[in-house]
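Numbering (this note's numbering), first residue to last: 834 to 1026.
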């Protein structure tokens, strides 16, 4: 069951503003659970709630009331949702200051092609969002999809130790997926299966 955001999921700015603090508090709790960090990167495993919150925030902050513009936002942001037998990750490149970012960003070209999920001797390379890969890394935010074959999905669903890692020539980093997040991801994948 892939997750979809429908037009009726989007709250009008005035309605959203009344519940914004409570909604954001809940989403922030969820994001804390779904985010992993290494020294240089953080990885957010997206789902309907995290993506829907981004759209509602955009509609609220920009006071968007035009139906076509809202539909366009839904279409654009829905690309971040995981499909069937798939995990979707937003990868954030995080540096302490802008000077370091300016210096290091060119050295990170190709990082979006170098992210893997590893489990029980298996690996699955993340597929970057189409059109974002360039010779020079231009964005500190990358979108990745991990698409499981049937056999890899079965192995993932029984794995107890799963890692997300970067295998870039300049940056090799690894983070273990927490047991709580791993169970949540498995449950979401079982719903697709």
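Heads up, the beta-carbon is just placed ideally off N, CA and C, and yes, glycines get one too.
query: Just to confirm, are residue 871 and residue 982 a CB contact at a threshold of 9 Å?; result: no
query: Go to residue 942, then tell me how far its alpha helix (DSSP H) extends in each direction, as first and last residue.; result: From DSSP, residue 942 is part of no alpha helix (DSSP H); its letter is neither H nor E.
query: Taking all protein chains shown into account, decide if residue 847 is buried (16 or more other Cβ within 10 angstroms of its Cβ) or exposed.; result: exposed
query: Does the distance from the CB of residue 990 to the CB of residue 958 come in under 9 Å?; result: no
query: Grab the span of the beta strand (DSSP E) containing residue 1009 for me, first residue to last.; result: 1005-1009
query: Below 9 Å between beta carbons: does that hold for residue 913 and residue 879?; result: yes
query: Counting C-beta neighbours from all protein chains within 10 Å, is the total for residue 940 16 or more, i.e. buried, or is it exposed?; result: exposed
query: With residue 1050 as the anchor, note down where its beta strand (DSSP E) starts and where it stops.; result: The shown model of the chain, from 834 to 1026, leaves out residue 1050, and the question about it has no answer.
query: Mapping the DSSP letters down to three states, classify residue 921 as helix, strand or coil.; result: strand
query: Output the residue ranges of the beta strand (DSSP E) runs that lie fully inside the region 867-933 and measure 3 residues or longer, sorted by chain position.; result: 868-870, 874-878, 919-926
query: Enumerate in chain order the residues of its own chain whose CB-to-CB distance from residue 849 is below 8 Å, with the five nearest sequence positions on each side excluded.; result: 856, 889, 892, 893
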